[in-house]
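Participant: Using this note's numbering, read the sequence shown as starting at 4 and increasing by one per residue.
What follows is a structure written as structure tokens; I'll ask about it next.
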Amino acid sequence: MRRSLPFLLMASVAMPASAQDSIVLDTVVLEAESDDTLTQSGYVATVSRQATKLDTPVAEIPQAVTVVTQDQIEDQRPRTLNETLNYTASANSNNYGFDTRFDAFTLRGFPAYYNGVFRDGLRVFNSPTAIYKAEPYGTEGIAILKGPASSLYGVSGPGGIVNIVTKRPLDRPYREIEAATGANDRAQLAFDLSGPMRDDRFSYRLTALHRNANTDLPGYADDKTYLAPALRYDDGVTKVTVLAELSETLTGGTAAFFNPALGEVSDLYEGDPDYNDFRQQQWRLGYEVEHRLTDAITLRQNARITHVDADLEYSGHYPAGATLARYWGHYLEEVDSTSVDTALQWNGQTGAVTHEVLAGIDVTRADYEARSLLDYVSAASADAQDVPFANGQDTVQKGIYLHDQMSWGRLSGFASVRFDRVDTTSIASDRTRTTQDDSGRSGRIGASYRWDSGLVAYGNLSTSFAPNIGVVYDDVTTDVTRPANPTRSTQCEIGLKYAPDDTNLLVTASLFDIDQRDGVVYDASTGPNKQRQLDLNSRGIELEAAASWDNGWSTVASYTHMRLKIEEGAAGTDGNELSGTPNDVLSLWGKYDFKDGRAAGLGLGAGIRYVGESYGDDLNTIRNDDRVFVDLAATWDVPQAPGVQAQLNVKNVFDSEKQTCTSAFCYRDEGRTWTASLRKRF
4 MRRSLPFLLM ASVAMPASAQ DSIVLDTVVL EAESDDTLTQ SGYVATVSRQ ATKLDTPVAE
64 IPQAVTVVTQ DQIEDQRPRT LNETLNYTAS ANSNNYGFDT RFDAFTLRGF PAYYNGVFRD
124 GLRVFNSPTA IYKAEPYGTE GIAILKGPAS SLYGVSGPGG IVNIVTKRPL DRPYREIEAA
184 TGANDRAQLA FDLSGPMRDD RFSYRLTALH RNANTDLPGY ADDKTYLAPA LRYDDGVTKV
244 TVLAELSETL TGGTAAFFNP ALGEVSDLYE GDPDYNDFRQ QQWRLGYEVE HRLTDAITLR
304 QNARITHVDA DLEYSGHYPA GATLARYWGH YLEEVDSTSV DTALQWNGQT GAVTHEVLAG
364 IDVTRADYEA RSLLDYVSAA SADAQDVPFA NGQDTVQKGI YLHDQMSWGR LSGFASVRFD
424 RVDTTSIASD RTRTTQDDSG RSGRIGASYR WDSGLVAYGN LSTSFAPNIG VVYDDVTTDV
484 TRPANPTRST QCEIGLKYAP DDTNLLVTAS LFDIDQRDGV VYDASTGPNK QRQLDLNSRG
544 IELEAAASWD NGWSTVASYT HMRLKIEEGA AGTDGNELSG TPNDVLSLWG KYDFKDGRAA
604 GLGLGAGIRY VGESYGDDLN TIRNDDRVFV DLAATWDVPQ APGVQAQLNV KNVFDSEKQT
664 CTSAFCYRDE GRTWTASLRK RF
């Protein structure tokens, strides 16, 4: 969002000033976003470093890219990363109903929350429970790159990556304080402070939030404390940015309801209000360095260390004769990871061709440990016991990559190649160790051609590589296992983009076809989950548009039609559609800010999200009905108090609470919620 302050411009003239001299007023626009690695205007991102690791116009990137800008985040008020992606083409965050414990979403039908989440260009190493939780208030944008991205970013999935851009220091004073309330006793305070320091080469940012809240589920909280300091040094030759975060959250241990039969969810909540805490502590500390060695060569290094500690209490029901009995579980996970990415950038020319070349090497090390306990006596019994060691994993990933971004007149070409090696040591519950080494190549070639009208035609061929840990069952009815093969994928994509000059508009239409080999899923058909591998094909079309105009209108719209087909899977599933992947997803959001007249300062927003029918199991015997959600928003810039804005957001206005099933388990959607806030910017 923006606000304007009058700025007095005085003309210097040779003659003395007089009372009759005219005073000219202009406008200075103050923005919360830094436009450091992501340049944005309203709902439209114009330049992004998130898809190529180079500052590139989004319209000229030969791959589908969606950017959720800071203005869109502020207008829609998402509570989680999942909600932030609600209006993004091919991003499905509706598979598991209401569940704020994790950000679990798919891109082009493929799960992306384990190896598809990146922050400021570095991978976020997630585990089954210790999934790093992103705070929307601490981000200035989210870039979603569709399709395989391993050629630059390393281990990642076939659907694409989500790159979260952290709020960065500003070179001008900026202050924001905010108080919010809402449904279920929500109470939240936040502030965002930034600006230059006494030495103008230094600038800072400090973002913080504290929230106490409940939910519709008994004993399920939604509390958070978040603190993110940042510091930048920039002397014109060397720029160093330090980014840090400390966060603690408390949610419920389970959001599930008992399933009495296949394809059916009941009103019986699985959680025990007296034993239902999921506490997670996380912190990160990292830096970004850019040093211009010459006019043509720049050295870059990004590094980060991260820690996530998850403590999960959960419970559920199971049949015991003619009645239901209860179990209680305690699950602990801890993940420590370190990532370093070092690269040289060269800008040059060979004949008529201009080059931007990036060559780099990155290393990621992650240490993971899990402890697990299951008790059938009582919550007190589970709470009194020590939680035994379950398993662990030490992983080292090393990658080397080369990217050449070429332009020749209206034509742009992209070529990337990468080689990865991943060494993994797995630790079983009895502390025995096994090692696994995987290596693979990935690449991307793409081209785009731009006309004067702003129309861009593009195409790309890209691949991905992701090793898998542990053993798999080719036949889940036996105990015969083998080491899991790495997951590999190939995408072909063609499309059109439309971004006319001097208009804040970006329209994208794309056709994609992705083949995935040796994807890993869990099979519960024999009782205990057994890991198996399958081949999938995702094919579809995406239409997406984002615009912000001077007349007060801002809008985003998207439509996805796709089919995710099981090429080779469990018995009876070949040729079926993968569960939880709707064929059609449509979304539309618009906001109008009144500029003149008696309503000046008022903003009204509305959105509709349509999730089409899908199958609830891989045998395609369960069908999920389509669902429609409506969201509303209103803002009011108080004229008597410059910089003060009141805001109201209502999600799922018509209180739709249908069930949805994925992998043969069914969940419930969240009902209507609302938040109201009052903020001051100065």
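Virtual Cβ for every residue (Gly too), placed ideally from N, Cα, C.
The model shown is predicted, which means the values in this text are computed figures rather than measured ones.
Please classify Met565: is it buried, with 16 or more other beta-carbons within 10 angstroms of its beta-carbon, or exposed?
Facilitator: In the sequence shown, the residue the question calls residue 565 occupies position 562. Met565 counts as buried, since at least 16 other C-beta atoms from the protein chains shown sit within 10 angstroms of its C-beta.
Participant: Check whether the stretch 639 to 651 and the stretch 239 to 253 touch, using three or more Cβ-Cβ pairs below 8 Å as the test.
Facilitator: no
Participant: Please identify the residue among Asp538, Gln400 and Phe417 whose C-alpha is closest to the C-alpha of His406.
Facilitator: Here residue 406 is taken as the residue at index 403 of the sequence shown, counted from 1. Selected option, being the one with the closest Cα: Phe417.
Participant: Going by DSSP, which residues form a beta bridge with Val113?
Facilitator: In the sequence shown, residue 113 corresponds to position 110, counting from 1. The sequence shown places Phe at residue 113, rather than the Val named in the question. For Phe113, which the question treats as bridged, DSSP gives the partners Leu110.
Participant: For the putative contact between Thr42 and Thr49, defined by C-beta atoms under 8 Å, what is the C-beta separation to the nearest angstrom?
Facilitator: Residue mapping note: residue 42 aligns to position 39 of the sequence shown, counting from 1. Residue mapping note: residue 49 aligns to position 46 of the sequence shown, counting from 1. About 5 Å; that satisfies the 8 Å criterion.
Participant: DSSP three-state label for Ile64, please.
Facilitator: Mapped onto the sequence shown, residue 64 falls at position 61. Correct three-state label for Ile64: coil.
Participant: Taking Cβ to Cβ, would you say Thr466 is nearer than 9 Å to Gln494?
Facilitator: Within the sequence shown, the letter at position 463 stands for residue 466. Within the sequence shown, the letter at position 491 stands for residue 494. One thing to note: Thr466 has its Cβ within 9 Å of the Cβ of Gln494.
Participant: Locate the alpha helix (DSSP H) running through Ser197, then write down its first and last residues.
Facilitator: Indexing the sequence shown from 1 puts residue 197 at position 194. Here Ser197 belongs to no alpha helix (DSSP H); instead the beta strand (DSSP E) covers Arg189 to Pro199.
Participant: Based on Cα-Cα distance, which residue from Phe422, Asn394 and Asp389 lies nearest to Gly402?
Facilitator: If you number the sequence shown from 1, residue 402 lands on position 399. That would be Phe422, whose Cα lies nearest to the Cα of Gly402.
Participant: Can you look up Gly45 in the DSSP assignment and give me helix, strand or coil?
Facilitator: Working through the sequence shown from its first residue, we reach residue 45 at position 42. Three-state result, Gly45: coil.
Participant: What is the DSSP secondary structure of Leu84, counted as helix, strand or coil?
Facilitator: Counted from its first residue, the sequence shown places residue 84 at position 81. Reduced to three states, the DSSP call for Leu84 is helix.
Participant: Identify the residues that DSSP records as bridge partners of Gln285: which are they?
Facilitator: In the sequence shown, the residue the question calls residue 285 occupies position 282. Partner(s): Ser250 and Val311.
Participant: List the DSSP bridge partners of Trp454.
Facilitator: In the sequence shown, counting from the first residue as 1, residue 454 sits at position 451. In DSSP, Trp454 forms no bridge with anything.
Participant: Could you tell me the boundaries of the alpha helix (DSSP H) in which Ile134 lies?
Facilitator: Position 131 of the sequence shown holds residue 134. Here Ile134 belongs to no alpha helix (DSSP H), and DSSP marks it neither H nor E.
Participant: Let me check understanding here. Comparing Cα to Cα, which of Asn279, Ser269, Leu253 and His294 lies closest to Tyr236?
Facilitator: For this step, residue 236 is matched to residue 233 along the sequence shown. Considering only alpha carbons, the answer is His294.
Participant: Hey, out of Ala313, Leu288, Thr59 and Asp378, whose CA is closest to Val343's CA?
Facilitator: Here residue 343 refers to the residue found at position 340 when the sequence shown is read from its first residue. Of the listed residues, the one whose Cα sits closest to Val343 is Leu288.
Participant: In chain order, what residues of the same chain lie with their CB nearer than 8 Å to the CB of Arg485, ignoring the 5 residues before and after it?
Facilitator: Counted from its first residue, the sequence shown places residue 485 at position 482. Taken in chain order, the residues that qualify are Val474, Val475 and Asp477.
Participant: Work out the CA separation of Ala152 and Ile26 for me, nearest whole Å.
Facilitator: In the sequence shown, the residue the question calls residue 26 occupies position 23. In the sequence shown, the residue the question calls residue 152 occupies position 149. Only weak support exists for where Ile26 lies, its pLDDT of 37 falling under 50; the coordinates are left without a value.
Participant: Here's the rule: buried if 16 or more other CB atoms are within 10 angstroms of the residue's CB, otherwise exposed. What is Val483?
Facilitator: Residue mapping note: residue 483 aligns to position 480 of the sequence shown, counting from 1. That one is exposed.
Participant: For Gly185, which of helix, strand or coil comes out of DSSP?
Facilitator: Working through the sequence shown from its first residue, we reach residue 185 at position 182. Three-state DSSP puts Gly185 in a strand.
Participant: For Ala22, which residues of its own chain have a beta-carbon under 8 Å away from its beta-carbon, when the five flanking residues on both sides are left out?
Facilitator: Taking the first residue of the sequence shown as 1, we reach residue 22 at position 19. Caution is warranted here: a pLDDT of 34 is assigned to Ala22, below 50, making its placement in the model unreliable, and no coordinate value can be reported.
Participant: Could you check if Phe392 belongs to the surroundings of the ligand SAM, using beta carbon to heavy atom distance under 8 Å?
Facilitator: Within the structure as shown, the ligand SAM is missing, as the structure has no ligands at all.
Participant: Compare the Cα-Cα distances from Val479 to each of Tyr461, Asp504 and Arg535 and report the closest residue.
Facilitator: The sequence position of residue 479 within the sequence shown is 476, counting from 1. Ranking Tyr461, Asp504 and Arg535 by CA distance to the CA of Val479 puts Arg535 first.
Participant: Where DSSP assigns a beta bridge to Gln408, which residues make up the other side?
Facilitator: Numbered from its first residue, the sequence shown carries residue 408 at position 405. Residue pairing of Gln408 in beta bridges, as defined by DSSP: Glu359 and Phe417.
Participant: Please check the pair Ile437 and Asp397, which I expect to be a contact at CB under 8 Å, by giving their CB distance rounded to whole angstroms.
Facilitator: If you number the sequence shown from 1, residue 437 lands on position 434. If you number the sequence shown from 1, residue 397 lands on position 394. For the record, residue 437 in the displayed sequence is Thr; it is not Ile. At roughly 11 Å, the Cβ-Cβ gap does not stay under 8 Å, so Thr437 and Asp397 are not in contact.
Participant: Rounded to the nearest angstrom, what separates Tyr379 and Gln388 at their Cα positions?
Facilitator: Locating residue 379 in the sequence shown gives position 376, where the first residue counts as 1. Locating residue 388 in the sequence shown gives position 385, where the first residue counts as 1. Each residue's Cα considered, the two are about 12 Å apart.
Participant: In whole angstroms, what is the alpha-carbon distance linking Glu496 and Tyr595?
Facilitator: Position 493 of the sequence shown holds residue 496. Position 592 of the sequence shown holds residue 595. Using only the alpha carbons, I get a separation of about 34 Å.
Participant: Is Gly141 helix, strand or coil by DSSP?
Facilitator: Mapped onto the sequence shown, residue 141 falls at position 138. Secondary structure of Gly141 (DSSP, three-state): helix.
Participant: Output the boundary residues of the alpha helix (DSSP H) element that contains Ile76.
Facilitator: Within the sequence shown, the letter at position 73 stands for residue 76. Per DSSP, Ile76 belongs to the alpha helix (DSSP H) from Gln73 to Gln79.
Participant: With DSSP run on the structure shown, which of helix, strand or coil describes Ser154?
Facilitator: For the purposes of this step, residue 154 is taken as residue 151 along the sequence shown, with counting starting at 1. Correct three-state label for Ser154: helix.
Participant: Does the Cβ of Lys227 have 16 or more other Cβ atoms within 10 Å, making it buried, or fewer, making it exposed?
Facilitator: Taking the first residue of the sequence shown as 1, we reach residue 227 at position 224. Result: buried.
Participant: Going straight from the alpha carbon of Val32 to that of Ser44, what length do you get?
Facilitator: Against the sequence shown, residue 32 aligns to sequence position 29. Against the sequence shown, residue 44 aligns to sequence position 41. Unreliable placement is indicated for Val32, whose pLDDT of 44 sits below 50; no coordinate value is reported for it.
Participant: Between the beta-carbon of Thr91 and the beta-carbon of Thr59, is there less than 9 Å?
Facilitator: Position 88 of the sequence shown, counted from the first residue, corresponds to residue 91. Position 56 of the sequence shown, counted from the first residue, corresponds to residue 59. Not a contact, by the Cβ cut-off of 9 Å.
Participant: Can you check the stretch 566 to 642 for any beta strand (DSSP E) of at least 3 residues that lies completely inside it and give the ranges in chain order?
Facilitator: 587 to 596, 605 to 614 and 630 to 640
Participant: How far does the alpha helix (DSSP H) with Asp386 in it reach, from first residue to last?
Facilitator: Sequence index remark: in the sequence shown, residue 386 carries index 383 (1-based). Per DSSP, Asp386 belongs to the alpha helix (DSSP H) from Ala382 to Ala387.
Participant: Taking 8 Å as the cut-off, does the stretch 356 to 366 touch the stretch 106 to 121 (at least 3 CB pairs, one atom from each stretch)?
Facilitator: no
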